[in-house]
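Working notes, structure below.
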Amino acid sequence: MPGTAPEGPALELRDVAKSFGSVVALRSGSIAVTPGSIHALVGENGAGKSTLVKIVAGVHRRDSGVFRLHGEDVDFGSTADSKAAGVAVIYQEPTLFPDLSVTENIFMGRQPVGRGRRIDRAAMYAEAERLFQGLGVHIDPRRPARGLSIADQQIIEIAKAISLDASVLIMDEPTAALSGVEVERLFAVARGLRDEGRALVFISHRFDEVFELCDTVTVMRDGDYVSTDAIAATSVDEIVSRMVGREVAELFPKSPAEIGDVVLEVEGLSSLGTFHDVSFSVRAGEIVGLAGLVGAGRSEIARAVFGVDRYDAGAVRLAGKPVAARSPRAAIRAGIAFVPEDRRKQGLVTDASVARNVAAVIRRGLTHAGVLTNRDENKAAGPWAGRLEVKTSALDMTASTMSGGNQQKVVLAKWLATEPKLLIIDEPTRGIDVGTKAEVHRLLSDLAGQGLAILMISSELPEVLGMADRVLVVCEGRITAELSRDEATPEAVMHAATATTAHAIEEEATA
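For the sequence shown, the residue numbers in this note's numbering are 569 to 1079.
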């Protein structure tokens, strides 16, 4: 039982190394997690976090170093060995069996058996109810897993881990796809597990969450252990500096830009049940942030402007000229570029090369007699890859093999190659490390300085406040506030983001 764990670390890795052929993935990985604590593991993409976790999970075997669980030396040869020893890994996107019930997913392969060697479903459902009750959540144990939110799927994975009496739980970017309410529920569950004496490892790029939830933080860089500190004894600036190996003066290097003429005009845009009477503008050299809670309608507004989603009323104009509705092709011709929030599914052809991805939108202008060669693609992609610091040697690499940060750079390069007048970018730095975040922010600032109009949607409030010249707050499909950079405080944005529609209408009437 977790509560009876001996004194000392529940999980300890010291100077652990792992190579794949000539590639060193982990040079000197170390972490020590005590029972009854939540321990953050942070580092840039490529720092070695994933390799360290996969060694603990039994996916990989270490080449050298110390690996102990509750003081005992271990060496897992499979994920089954890891689970049997009391280790559970909760991934960002769980892999449940969609057609099985919630309970069947929890007890897969170890269902309780009653008389006649038949599965005792009543006992199984009762145990699932007990697990959820202990976690302080309510999920119908009889419903199929299909259609469950990512948040509920993660809770089911946690319930499964507890049913296996896991003493060490590793949460790998668990909040990336969750809303604020779902994050708070997950944190409440995590704190409950900590209070039971279990050891938790929390991997995240979101420092506000690390400082809210965790007791201790370990930093890794370039496959090496860097430091471990109590959360109360360190700061975001110190952690960032250790992660990137250099001083990062600003996570949001927004430089003043000359604001020019109106580029985008949106007037009275409405889509039944999604957003209503949305009007705003974006000027040349201006970054306008669309803020609000998950589900408020921000992404849907952006998709409608680009022509991906329909709208029932209203108008979109670019540089004073109407843009046809429901036509991304017309939007591109008009000078609109759109970087979607899900870069892997909507922004990239993951099994194609970097060069082919970058040249995807402009390929018609590159063909010779209807034939597009690899040389044409490389020639077109090279300058943009260099500008975004994607190594030109990577042009022939498959996009799926790249880190999240480099994938985002490729999507940006693809759209910047169209030389747009307006860039719409949805969740510009979701799931990428802090160093690459700063690079993306610097790029956006530079583009605005060159006169590009930018509409940025972000769920990270510090990003909105740090980068936007103006902030438009969306609540229940309506714009409930327009704030200047000086007016845009966390309190002002959150007040407008949580205003009811009735309250918003009332404020509009009295304004």
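In this text, a Cβ means the ideal position worked out from N, Cα and C, and glycines have one as well.
Beta-ladder partner(s) of residue i, from DSSP
i       : result
Arg878  : Paired residues: none, contrary to the question.
His607  : Val769, Thr784
Phe779  : According to DSSP, which records beta bridges pairwise, Phe779 is partnered with nothing at all.
Met1024 : Gly857, Ile993
Lys586  : Leu594
Lys622  : DSSP output for Lys622 lists no bridge partner at all.
Phe635  : Leu581
Met811  : Note: Met811 sits in no beta bridge, so no partner.
Pro821  : Looking at the DSSP assignment, Pro821 forms no beta bridge with any residue, so it has no partner.
Leu1051 : Val1039
Arg851  : Val830
Leu746  : BP columns for Leu746 are empty, so no partner.
Ser795  : Val787
Met739  : Ile658, Phe770
Arg1046 : Cys1043
Arg885  : Glu833, Pro890
Asp641  : Arg636
Val601  : Leu579
Proximal residues to residue i (C-beta, below 8 Å), its chain only, five neighbours per side dropped
i      : result
Ile658 : Gln722, Glu725, Ile726, Ala729, Leu737, Ile738, Met739, Asp740, Pro742
Arg595 : Ala585, Gly616, Asp790, Gly791, Asp792
Leu516 : Nothing about residue 516 can be reported from this structure: the residues present for the chain run from 569 to 1079 only.
Leu837 : Phe843, Asp845, Val846, Ser847, Ile869, Ala872, Val873, Tyr879, Ala881, Gly882, Ala883, Val884
Pro662 : Ile718, Gln721, Gln722, Ile724, Glu725
Glu697 : Pro709
Val804 : Phe775, Phe779
Cα-Cα separation, residue i to residue j
i       : j       : result
Arg712  : Val769  : Checking the displayed sequence, the identity of residue 712 turns out to be Pro instead of Arg. In a straight line, the C-alpha of Pro712 is about 29 Å away from that of Val769.
Asp1037 : Ile855  : 5 Å
Arg683  : Pro603  : 39 Å
Glu835  : Phe848  : 7 Å
Arg689  : Asp720  : 21 Å
Asp877  : Val850  : 20 Å
Leu934  : Val926  : Summary for Leu934: the model assigns pLDDT 45, below 50, so the residue's position carries little reliability; its value from the coordinates is reported in the next sentence. Computed Cα separation, rounded: 12 Å.
Leu581  : Ile869  : 47 Å
Ala767  : Ala656  : 11 Å
Ser598  : Asp583  : 6 Å
Ala902  : Gly611  : 40 Å
Leu980  : Thr986  : 10 Å
Gly654  : Ser735  : 5 Å
Gly1003 : Val808  : 8 Å
Arg894  : His844  : 17 Å
Arg810  : Ala625  : 26 Å
Gly760  : Leu703  : 7 Å
Ile900  : Pro988  : 8 Å
Ala1064 : Leu579  : 44 Å
Ala881  : Ile1000 : 36 Å
Met788  : Asp797  : 12 Å
Glu750  : Arg871  : 25 Å
Leu664  : Ser1013 : 41 Å
Ala648  : Asn673  : 16 Å
Lys982  : Gly860  : 28 Å
Arg518  : Met1024 : Any property of residue 518 remains undetermined from this structure, which presents the chain solely from 569 to 1079.
Ser591  : Asp631  : It is worth fixing the name first, because residue 591 is Val in this sequence and not Ser. Roughly 13 Å separates the two Cα atoms.
Arg686  : Ser731  : 20 Å
Ala1049 : Gly1017 : 26 Å
Nonlocal neighbours in the same chain, by C-beta distance under 7 Å from residue i, ignoring five residues either side
i       : result
Val939  : Reliability of the predicted coordinates at Val939 is poor, the pLDDT of 48 falling under 50, and the value obtained from them is presented with this limitation in mind. Here the set comprises nothing.
Val1008 : Gln976, Pro996, Thr997
Ile799  : Phe779, Cys782, Asp783, Thr784, Val785
Gly576  : Gly639
Met692  : Thr671, Phe675, Gln679, Pro680
Ala898  : Gly875, Val891, Ala892
Arg714  : Pro666, Asp667
Ala756  : Gly704
Leu746  : Ile718, Ala719, Leu754
Ile606  : Ala758, Arg762, Leu768, Phe770, Leu781, Cys782, Asp783
Contact set for residue i: own chain, Cβ-Cβ below 6 Å, skip 5 residues either direction
i       : result
Leu1033 : Ala1056
Ala608  : Phe770, Val778, Cys782, Val785
Ala817  : Bear in mind that a pLDDT of 48 at Ala817, under 50, signals an unreliable position, so the model cannot answer this.
Residue i beta carbon near the ligand FAD (any heavy atom closer than 7 Å)
i      : result
Val830 : No copy of the ligand FAD occurs in the structure displayed, which carries no ligand at all.
Counting beta carbon pairs with one atom in the stretch 1017-1030 and one in the stretch 995-1003, are three or more of them shorter than 8 Å?
A contact exists between the stretch 995-1003 and the stretch 1017-1030.
Going along the chain, which unbroken runs of the beta strand (DSSP E) with 3 or more residues stay wholly within the stretch 968-1016?
Counting whole runs of 3 or more residues, the stretch 968-1016 contains the beta strand (DSSP E) stretches 990-994.
Evaluate contact between the stretch 665-677 and the stretch 698-710, counting only Cβ atoms and requiring at least three cross-stretch pairs below 8 Å.
Yes, they touch.
Evaluate the contact criterion for the stretch 787-798 versus the stretch 1036-1053: three or more CB pairs, one atom per stretch, below 8 Å.
In short, these stretches do not touch, since the Cβ pair count stays below three.
Three Cβ pairs or more, each shorter than 8 Å: is that satisfied between the stretch 614-626 and the stretch 774-781?
Judged by Cβ distances under 8 Å, the stretch 614-626 makes no contact with the stretch 774-781, as fewer than three pairs qualify.
How do the stretch 625-635 and the stretch 643-660 stand: do at least 3 beta-carbon pairs fall below 8 Å, yes or no?
Segments in contact, yes.
In chain order, each alpha helix (DSSP H) run of at least 4 residues that lies wholly inside the stretch 652-721
Those alpha helix (DSSP H) runs which fall completely within the stretch 652-721 and span 4+ residues are 670-674, 689-703.
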